[in-house]
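Position in the sequence shown (first residue = 1) + 979 = my numbering.
Yeah, the Cβ is synthetic: ideal placement off N, Cα and C, and Gly gets one too.
Values in this document were obtained by computation on a predicted structure and should not be read as measured data.
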Amino acid sequence: SRVAYQKPLRIRPRVLARCITLTPGETYTIDDQNSTQTNLNKLGIFRYVNLGVTELDSLRGNDSLNVSVGAGFDYPLEAELEVDVSSKSNSFVGPGATLRVSHNNLFRGGEVLSVRLKGGYEWQTGNRKRGDNSSTMNSYEFGLSGTLDFKRLLGPRFMQNTRYPSSTSFQLGVDLMNRPKFFRLISFSGSATYNFQTSPYSFHSLTLLKLVYNHLLHTTPEFDQTMDENPAIALSFK
């Protein structure tokens, strides 16, 4: 087999070898063709993936095929901005925005690093006492999170030799939340997850670790009284 590429090669050769299931000298099958195209596309680093099959001279009794795979790299950086407006039944209304920036080939193996920044601000439009313009009636929330996805199962070698696409995902995040006349809270979260297939129709997600830690920065007397009267709710904040 021969590989032609533009320098520098922005993917590790071992990653390419793992994606291509067509083996020289073996019988050509549609399953191997589809899995090769699927594996390369799921790396998320190519703009296109084309597979061509050429039959050799059959008059000489040769039953072999020439198979060529052509692919072009996509831009590694992506940015996405989402803006929305929410209106809730408790008369709070306000805008929100989410900015997501991703690097789709961080370590030249299709690894995806995503950083997401979100924020929202709400104010109460009703059920307010006349003449009360206090800013304590404003609600806001800000969050920053990062996700790192590997296009394989990180672990012992036997876990990496899977026929179907798989991935390992790590997530870290922090959120700051202010609820008027109740509390101000900061939350930290982290998780590690395996995503894999055992057949063309069976997909699995296994969360190895998920940790969420909430810390109350400030509470009001009204909130404290509510917690005293509702032990079950109070337990969720501990």
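For residue i, three-class secondary structure by DSSP
i, result
"Ser1113", "The pLDDT assigned to Ser1113 is 48, lower than 50, so where the model puts this residue is not dependable, and the model offers no usable value."
"Ser1215", "helix"
"Leu1022", "coil"
"Phe1086", "coil"
"Arg991", "coil"
"Ile999", "coil"
"Arg1142", "coil"
"Phe1202", "helix"
"Ser1168", "strand"
Buried or exposed by the 16-neighbour rule on C-beta atoms within 10 Å, applied to residue i
i, result
"Thr1177", "exposed"
"Thr1115", "In this prediction, Thr1115 scores a pLDDT of 48, lower than 50, which makes its location untrustworthy; the coordinate-derived value is nonetheless stated afterwards. Exposed, since its Cβ has fewer than 16 Cβ neighbours within 10 Å."
"Asp1207", "exposed"
"Ala1034", "Checking the sequence, you will find Glu at residue 1034 rather than Ala. It counts as exposed."
"Leu1056", "exposed"
Residue i vs residue j beta-carbon contact at 8 Å
i, j, result
"Leu1096", "Ser1081", "no"
"Ser1166", "Tyr1192", "yes"
"Arg991", "Gly1088", "yes"
"Trp1102", "Val1064", "no"
"Asn1083", "Gly1125", "no"
Cβ neighbours of residue i in the same chain (closer than 6 Å, five flanking residues each side left out)
i, result
"Phe1162", "Leu1195, Thr1198, Phe1202"
"Leu1001", "Asp1011, Thr1015, Val1046"
Cβ neighbours of residue i in the same chain (closer than 7 Å, five flanking residues each side left out)
i, result
"Phe1182", "Gln1176"
beta-carbon residue i near the ligand PLP non-hydrogen atom, thresh 7 Å
i, result
"Gln1016", "This structure lacks the ligand PLP, and indeed carries no ligand of any kind."
Are three or more beta carbon pairs between the segment 1015–1032 and the segment 1048–1068 nearer than 8 Å?
yes
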